[in-house]
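So the protein sequences, as listed, match chains A and B. So the first sequence is numbered by numbering that gives the first Met the number 0: it starts at 0 and just counts up by one. So the second sequence is numbered by numbering that gives the first Met the number 0: it starts at 0 and just counts up by one. Read through the structure below, which is laid out as structure tokens, and then see the notes.
2 protein chains.
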Amino acid sequence: MPNISEVAKRAKVSRTTVSRVLNEKEDVSEETRRRVMAAIKDMNYRPSALARSLVRQKTDTIGVILSDITDPFFSRIVQGVEDVAHKFDYGTVYASMRWDPKLKHNYINFLRNGRVDGLLMMGHTVGNEDYLREMVEENFPLVLVEYWIEKLHTSFISIDNGGGGYLATKHLLDLGHRRIAHLAGHRKARVSAERLEGYRRALGDFGIPFAEELVVYSDFTTEDAIPAAKKLLTLSVRPTAIFAGNDLMAYGVIHAARELCIEVPRDLALVGFDDIELASMVTPALTTVHQPRLEIGSMAAWTLIQQIENKEIQPTTTELKTSLVVRESCGAGVCKGFGIGLKVEK
Amino acid sequence: MPNISEVAKRAKVSRTTVSRVLNEKEDVSEETRRRVMAAIKDMNYRPSALARSLVRQKTDTIGVILSDITDPFFSRIVQGVEDVAHKFDYGTVYASMRWDPKLKHNYINFLRNGRVDGLLMMGHTVGNEDYLREMVEENFPLVLVEYWIEKLHTSFISIDNGGGGYLATKHLLDLGHRRIAHLAGHRKARVSAERLEGYRRALGDFGIPFAEELVVYSDFTTEDAIPAAKKLLTLSVRPTAIFAGNDLMAYGVIHAARELCIEVPRDLALVGFDDIELASMVTPALTTVHQPRLEIGSMAAWTLIQQIENKEIQPTTTELKTSLVVRESCGAGVCKGFGIGLKVEK
DNA sequence: CTCATTACTGGGATCGATTCCGAAAAAGAC
DNA sequence: GTCTTTTTCGGAATCGATCCCAGTAATGAG
Numbered sequence: 000m001p002n003i004s005e006v007a008k009r010a011k012v013s014r015t016t017v018s019r020v021l022n023e024k025e026d027v028s029e030e031t032r033r034r035v036m037a038a039i040k041d042m043n044y045r046p047s048a049l050a051r052s053l054v055r056q057k058t059d060t061i062g063v064i065l066s067d068i069t070d071p072f073f074s075r076i077v078q079g080v081e082d083v084a085h086k087f088d089y090g091t092v093y094a095s096m097r098w099d100p101k102l103k104h105n106y107i108n109f110l111r112n113g114r115v116d117g118l119l120m121m122g123h124t125v126g127n128e129d130y131l132r133e134m135v136e137e138n139f140p141l142v143l144v145e146y147w148i149e150k151l152h153t154s155f156i157s158i159d160n161g162g163g164g165y166l167a168t169k170h171l172l173d174l175g176h177r178r179i180a181h182l183a184g185h186r187k188a189r190v191s192a193e194r195l196e197g198y199r200r201a202l203g204d205f206g207i208p209f210a211e212e213l214v215v216y217s218d219f220t221t222e223d224a225i226p227a228a229k230k231l232l233t234l235s236v237r238p239t240a241i242f243a244g245n246d247l248m249a250y251g252v253i254h255a256a257r258e259l260c261i262e263v264p265r266d267l268a269l270v271g272f273d274d275i276e277l278a279s280m281v282t283p284a285l286t287t288v289h290q291p292r293l294e295i296g297s298m299a300a301w302t303l304i305q306q307i308e309n310k311e312i313q314p315t316t317t318e319l320k321t322s323l324v325v326r327e328s329c330g331a332g333v334c335k336g337f338g339i340g341l342k343v344e345k
Numbered sequence: 000m001p002n003i004s005e006v007a008k009r010a011k012v013s014r015t016t017v018s019r020v021l022n023e024k025e026d027v028s029e030e031t032r033r034r035v036m037a038a039i040k041d042m043n044y045r046p047s048a049l050a051r052s053l054v055r056q057k058t059d060t061i062g063v064i065l066s067d068i069t070d071p072f073f074s075r076i077v078q079g080v081e082d083v084a085h086k087f088d089y090g091t092v093y094a095s096m097r098w099d100p101k102l103k104h105n106y107i108n109f110l111r112n113g114r115v116d117g118l119l120m121m122g123h124t125v126g127n128e129d130y131l132r133e134m135v136e137e138n139f140p141l142v143l144v145e146y147w148i149e150k151l152h153t154s155f156i157s158i159d160n161g162g163g164g165y166l167a168t169k170h171l172l173d174l175g176h177r178r179i180a181h182l183a184g185h186r187k188a189r190v191s192a193e194r195l196e197g198y199r200r201a202l203g204d205f206g207i208p209f210a211e212e213l214v215v216y217s218d219f220t221t222e223d224a225i226p227a228a229k230k231l232l233t234l235s236v237r238p239t240a241i242f243a244g245n246d247l248m249a250y251g252v253i254h255a256a257r258e259l260c261i262e263v264p265r266d267l268a269l270v271g272f273d274d275i276e277l278a279s280m281v282t283p284a285l286t287t288v289h290q291p292r293l294e295i296g297s298m299a300a301w302t303l304i305q306q307i308e309n310k311e312i313q314p315t316t317t318e319l320k321t322s323l324v325v326r327e328s329c330g331a332g333v334c335k336g337f338g339i340g341l342k343v344e345k
């Protein structure tokens, strides 16, 4: 691999001039520029990003740490992140912490040591978060997406989980359900508490007392949701509707229900949360709370880049609105057309 | 952010000694080691990966380029990659090319310029692949996963797609189906051709003539598969079974079928390919061809690391076996237990 | 023709680590 | 006590770029 000096020698100019051509500076004559370009092409030269970043103290890269890289929930968020990042000439690299706090810690260190200019963390909180405080104290650009940490002086992007929970529950109440269970997500995740709050608020508005037994927790995965859902479906007085903490968990409910010969939506109404792509694809199509994920992603990237390029900027907290997408799983019947849901804005 | 010299000054030693402590070299006395460690902790020092990589000409990082970062197909593959990579003390970074050839090109350049020691490419081929040849010529470590390029002197990891197609089709034939359609994946992808070949071979073995009209192509997505599936389901003589190019496309078939009031498996038998996690979760649980994805991932990472650490090594081609997982979508009835498929080894 | 101004170009320091080689100090041999 | 060997440490070069500052050539003004 040739370096900048060899290119310079070949083009019979100095390193400095090659660098100028590379960075499209103006003060280089057309003729030398052509010579340099030719040398670059001839030698198949590609500048070392490493050396460049080292001297400039800037990598033009943002790191994205996800709880699980293949969670469909992140799909469009990532798209939003990339769109904005590329617009500002930033590259993106991803790391998946796969729910393993140690892995997460490794990754953060891995990326922080000069590999990226800032970090975007998204997903659910697990384990000790002290190193996040450390990062913030050291003024390392950090934006958290749906990843709430108490009293952390940094930017947050989140959605109105409480409102979403309210929408979902109210929809079920409007359909006449009175015994509505909630299969909540990870007990320690803030989003779980918020969605639960929305659920309680809706019940309250309809004068229905909150029943402890109707709320069960599980992880945000289908596998984990199955036994939890079974617990709800085998209560002495079975709920007629369930509001699940996310779409994947809603599939767990369907799964569990089928094993008990309960059919959705015939015997059980079901609402999910997230509106992942698959929600409209599988049978029954899921009624669910929609998150503006493209916006979440672009907002997050934008916020982070602002923070990188202007370290003095104050952290911001952004909350995006949710909406309800009515499909089949509540038997609401509003939507015969398969998959194309009636979108009810909040 | 302190650098190694400042740490050295504080510990009253030279940079060299600090570096030795950092890299756990043996020739440093216990006492100075302690002093250095203390200084490191006091100053909250973290070595710059950039500077280290620059001088060592090694990043200890492998790049993974995926066609779509959130395709559930990659989930366990990525897990396999990470397990092996971490075992060998490599970090991993991901980039998603999102089917955009230009984006892909950008990413490859982005990662190649000294950011990673080698590249793992997985997913389906789109666009011009000349730069891949260029990489190989320059002896840049590269391993392709299910990403076949003609006459490229580099390592490949793939699965026995032909065998998988055969298994899927034979299963349908064994169940008595005689008019079996194939909803093939991306026309230009090699995997499509291979799976199609398996389909034809199985038909041949049962003495059934191949009918052009029974094969339709679409992208590897649910959305794209829907119209294609409709084409098959509205043939004058409707097929009684469909072998779909992957699981997501199989969902497209279910989707299309429902719109036409055709129910799977009652009116139509269906086999997918990949065995993504969701295949066992949704209704009906999908009978599908299983790929050993964890092994694919670990194999790929292992092969790449071998190539990085020993540039003289010859490229290898690995083909892993597939197996059939029988669930509900063929109405085979072997499996009442929901989701837990009878695994028929090839 | 001389001097001032502008347009290009190059030298050398720098970013933050590693590594080779040699030097000093300590330990051991006789 | 002297010489050799081992242990421990430091100096200087290096990786491959960028950038400040200064120097040269070309151009224009008078």
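Glycine is no exception: its CB is placed at the ideal position from the N, C-alpha and C atoms. Treat the numbers as computed from the prediction; the structure is a model and nothing was measured.
Open item on the list: Between Ile148/B and chain A, is any beta-carbon pair separated by less than 8 Å?
Closed with: no
TODO: Taking the CB atoms as reference points, tell me whether Tyr216/A and Thr168/A lie closer together than 8 Å.
DONE: no
TODO: Whole angstroms is fine: what's the gap from Glu344/A's alpha carbon to Val324/A's?
DONE: Model confidence at Glu344/A stands at a pLDDT of 33, short of 50, so the residue's coordinates are unreliable and nothing is read from them.
Open item on the list: I need the DSSP call for Ala299/B, collapsed to helix, strand or coil.
Closed with: helix
TODO: Return the CA-CA distance between Ala284/A and Thr69/B, expressed in angstroms with no decimal places.
DONE: 21 Å
- [ ] Identify every run of the alpha helix (DSSP H) within the stretch 246-329 of chain A, keeping only runs that are complete inside it and at least 4 residues long; order them along the chain.
- [x] 246-258 and 292-308
Task: Neighbouring residues, chain B, relative to Pro291/A (Cβ below 9 Å) - done: In chain order: nothing, as chain B lies at least about 17 Å away.
Open item on the list: By alpha-carbon positions, which one of Trp147/B, Asn138/B, Ile156/B and Ser28/B ends up nearest to Ile76/B?
Closed with: Ile156/B
Task: Contact set for Ile339/A: own chain, Cβ-Cβ below 8 Å, skip 5 residues either direction - done: Confidence at Ile339/A is low in this model, with a pLDDT of 35, below 50, so the placement of that residue is unreliable and no value is reported for it.
Task: Span separating the alpha-carbon of Val135/B from that of Met248/A - done: 45 Å
Open item on the list: Rounding to the nearest angstrom, what Cα-Cα distance links Arg19/A and Asp82/B in this structure?
Closed with: 43 Å
Open item on the list: Tell me the DSSP secondary structure of Val27/A in three-state form.
Closed with: coil
Open item on the list: Can you tell me whether Ser235/A is helix, strand or coil according to DSSP?
Closed with: coil
Open item on the list: Please list, in chain order, the residues of the stretch 85-103 of chain B that have any C-beta partner in chain A closer than 9 Å.
Closed with: His85, Gly90, Thr91, Val92, Tyr93, Ala94, Ser95, Arg97 and Leu102
Open item on the list: Suppose you measure from the CA of Gly90/A to the CA of Leu49/B; what does that come to, to the nearest Å?
Closed with: 16 Å
TODO: Determine, using beta carbons only, whether Pro254/A and Asp274/A come nearer to each other than 8 Å.
DONE: Checking the sequence shown, residue 254/A turns out to be His, not Pro. Taking 8 Å as the Cβ cut-off, His254/A and Asp274/A do not qualify as a contacting pair.
Task: Residues that Phe73/A contacts on chain B, provided the C-beta gap is smaller than 9 Å - done: Ile68 and Thr69
Task: 8 Å Cβ cutoff met for Gly62/A and Ile295/A - done: no
TODO: Go ahead and pull the three-state DSSP assignment for Tyr146/B.
DONE: coil
Task: Cβ-based neighbour list, Gly336/B, same chain, cut-off 8 Å, excluding 5 preceding and 5 following - done: Annotation note: pLDDT 35 at Gly336/B (below 50); position unreliable, coordinate value reported separately. Closer than 8 Å at Cβ, skipping near neighbours: no residue.
Task: Close-in-space but distant-in-sequence residues of the same chain around Gly122/B (CB under 6 Å, 5 per side omitted) - done: Leu65 and Ser66
- [ ] Taking Pro46/B as the query, report the chain A residues whose CB atoms sit under 7 Å from its CB, ordered along the chain.
- [x] Asn112
Task: Cys329/A and Ala256/A closer than 8 Å at C-beta - done: no
TODO: Consider the Cβ of Ser52/B: report whether some Cβ of chain A lies at a distance smaller than 8 Å.
DONE: yes
Open item on the list: Does the structure place the stretch 217-231 of chain A close enough to the stretch 174-188 of chain A that three or more beta carbon pairs sit under 8 Å?
Closed with: yes
- [ ] Check Phe242/A in the structure and name its three-state DSSP category.
- [x] strand
Task: Ile225/B and Gly251/B closer than 8 Å at C-beta - done: yes
TODO: Tell whether a beta-carbon distance below 8 Å holds between Leu195/A and Gly164/A.
DONE: yes
Open item on the list: Is Ala278/B close to chain A? Criterion is C-beta to C-beta, closer than 8 Å.
Closed with: no
Open item on the list: Can you check which of these residues, Leu319/A, Leu21/A, Phe139/A and Arg114/A, is closest to Glu311/A by C-alpha distance?
Closed with: Phe139/A
Open item on the list: Whether or not the stretch 95-115 of chain B and the stretch 31-47 of chain A are in contact is what I'm after, with contact meaning three or more pairs of Cβ atoms, one per stretch, closer than 8 Å; do they touch?
Closed with: yes
- [ ] Would you decide whether Ser159/B is buried or exposed? Buried here means 16 or more other CB atoms lie within 10 Å of its CB.
- [x] Contrary to the premise, residue 159/B reads as Asp rather than Ser in this sequence. Buried: at least 16 other Cβ atoms inside 10 Å.
Open item on the list: Going by C-alpha to C-alpha distance, which of Leu234/A, Asp204/A, Leu143/A and Gly203/A sits closest to Arg189/A?
Closed with: Leu143/A
- [ ] Please check if any C-beta of chain B sits within less than 8 Å of the C-beta of Val77/A.
- [x] yes
- [ ] Kindly indicate if chain B contains any beta-carbon less than 8 Å away from that of His254/A.
- [x] yes
Task: Proximal residues of chain A, C-beta to C-beta of Leu231/B below 7 Å - done: None at all; the shortest Cβ gap to chain A is about 17 Å.
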